Amino acid sequence: MLQHSENATSDSMHNVGVKGVSRTTDFPSLPTEYLKDLSQRELMALNDLNHLLDELGPRFKDWIGREPLPVDADLLPSVVPGYKTPFRLLPYGFRPCLRDKDVTKYRRLARTVPPHLL
1 MLQHSENATS DSMHNVGVKG VSRTTDFPSL PTEYLKDLSQ RELMALNDLN HLLDELGPRF
61 KDWIGREPLP VDADLLPSVV PGYKTPFRLL PYGFRPCLRD KDVTKYRRLA RTVPPHLL
C-alpha cells in the first residue's frame, strides 16, 4: 500500500495507520492513493477530524465524495435534552429583525451566489 513511507502500516481490512510518537492511529477505509501523498502531520489531523465527526453523530454510509465522511443530519435526534439556545446580545443600534431594504439586498445577493454556498 504505502511503500514509500517507513512509518506507515496497513492490514487486510484496509485500515491504514501511522506510527506516532506514543500511539498508532487507524484510518478506516481511506483510499491509499489519497493517503500516500499526505505527511504524518496531515494524517494525524485527518484522524483527529474523523474522531471529532464520530463524536458528533452517525456518519454517511453511502457517501460518494471525498474523505472524511460527513455527519448524516437526518439521523440526528430532533430534540437534544437540556440544550438551550445561546443568548445573543446585539451591538448598540442594531435591530433584532431585518427591514424590507435589507431583505431585498440579501435576495439580490443570493441570486448571484452559487446555490451550494447558501
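Quick note on UniProt numbering: the sequence shown kicks off at 1 and runs consecutively. For every residue, glycine included, the Cβ atom is placed at its ideal position computed from N, Cα and C. Here the structure is a predicted model, which means the values were calculated and not measured.
Scanning its chain for C-beta atoms nearer than 8 Å, with the 5 sequence neighbours on each side dropped, one finds around Leu53 the residues Arg59, Pro68, Leu69, Pro70, Val71, in chain order.
Boundaries of the alpha helix (DSSP H) around Glu42: 40-56. Here Leu75 is near Gly57, since their CB atoms are less than 9 Å apart. In the DSSP annotation of this structure, the continuous segment of the alpha helix (DSSP H) that includes Arg111 starts and ends at 100-112. For the pair Thr104 and Phe94, the Cα-to-Cα distance works out to about 18 Å.
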